[in-house]
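Q: Under the numbering used here, the first residue of the sequence shown carries the number 66, and numbering increases by one thereafter.
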Amino acid sequence: MASRLWMPRCGARTRNGGPCNASKIPGRKRCKWHGGLSTGPRTAAGKLISLRNLVQNRRHELNH
Ligand SMILES: [Zn+2]
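1. With 16 other CB atoms within 10 Å as the buried threshold, where does residue 89 fall?
2. Less than 7 Å between the CB of residue 80 and some heavy atom of ligand 1, yes or no?
3. Compute every distance between the C-beta of residue 71 and the non-hydrogen atoms of ligand 1, then say whether any falls below 7 Å.
4. How big is the Cα-Cα spacing for residue 112 and residue 71?
Below you can see the structure in the form of structure tokens.
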């Protein structure tokens with residue numbers, strides 16, 4: 066009965082030292098924020114793009 070309500074937790078350690086309370090992805094060991102989804106390369110590319118945009122914006126501000 067209770068098994069339907071039980072959502073397996075990610076359990077990864079977060080910045081505040083507590084376990085991650087996000088429910089893990091079915092078939093995976095972690096939640097979507099801790100490697101549960103296979104979006105590694107996409108995420109890395111997104112980080113690069115966002116970082117580049119940040120630097121460009123900073124330079125733009127400095128030029129003013
Ligand atoms: Zn997590």
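All C-beta atoms in this analysis are idealised placements derived from N, C-alpha and C, irrespective of residue type, glycine included.
A: By the coordinates alone:
1. buried
2. no
3. no
4. 34 Å
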